[in-house]
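So the sequence shown is numbered by my numbering: it starts at 78 and just counts up by one.
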Amino acid sequence: MKLPNYDHVPPKTVRFWALFDTGVMSLALPFTSPLFIRFLYWLNGLIGGSSTAPVFDPLAMFFVNLAGMLVLVWVAARLIRPLGAFALIDAVGRCVVSLLIAYYILFEDVIPVLWLFVLTEMLGAVAQFRALGQRDA
């Protein structure tokens, strides 16, 4: 069985979305993640929601930092080797992450400012799916 070839995807597309993901870099570090979370709640306050960030227990902060670190590892992989196949993996992953965020907003009462993340994740997914679908003649 021959696997599809995604070599037609421009490396700059893969790198762009990798660099875009560095925006959540502060989640990876214990001393910057609380600042990022407070910033999210501040934004949430601007749209009429709660602006007071809760205090996360150490285990919850560990998982915030772990998720942030995994994003950075994925960023590094795409910057070092911007393979077209990574665009497919990233686009599918962005769709799944969007569904996960939407679930938590709709059913678990998470702050609605996270719809911004759904928007940016879907923008990245659509852009990369478009690149995957465009082949030179």
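Just so it is clear, CB atoms sit at the ideal spot from N, CA and C, and this is done for glycine as well. Computed from a predicted model, the values in this text were never measured in an experiment.
### Query
Which residues in the same chain as F194 place their Cβ atom closer than 7 Å to its Cβ, once the five residues preceding and following it in sequence are excluded?
I178
### Residue span of the alpha helix (DSSP H) that contains S127, given as start and end
Premise fails: S127 is in no alpha helix (DSSP H) and is neither H nor E.
### Query
Nearest-angstrom Cα distance between I166 and A154?
12 Å
### Query
Is the beta carbon of I182 less than 7 Å from the beta carbon of L191?
yes
### Query
With DSSP run on the structure shown, which of helix, strand or coil describes Y180?
helix
#### Entry: For A208 and Q137, the rounded distance between their alpha carbons
According to the sequence shown, residue 137 is Ala rather than Gln. C-alpha separation (whole angstroms): 36 Å.
### Query
Relative to the C-alpha of F97, which residue among M199, Q211, I124 is closest?
M199
#### Entry: Backbone CA spacing between L149 and T99 [nearest angstrom]
7 Å
### Task
Taking the CB atoms as reference points, tell me whether S103 and F113 lie closer together than 7 Å.
yes
### Query
Using a Cβ-Cβ distance under 7 Å, would F108 count as near chain C?
The structure shown contains no chain C, having only a single protein chain.
### Query
Taking buried to mean at least 16 other C-beta atoms within 10 Å of its own C-beta, is F139 buried or exposed?
exposed
### Message
Is the separation between the beta-carbon of H85 and that of R212 shorter than 7 Å?
### Response
yes
### Task
Taking only the alpha-carbon atoms, compute the straight-line gap between P107 and V101 and give it to the nearest angstrom.
13 Å
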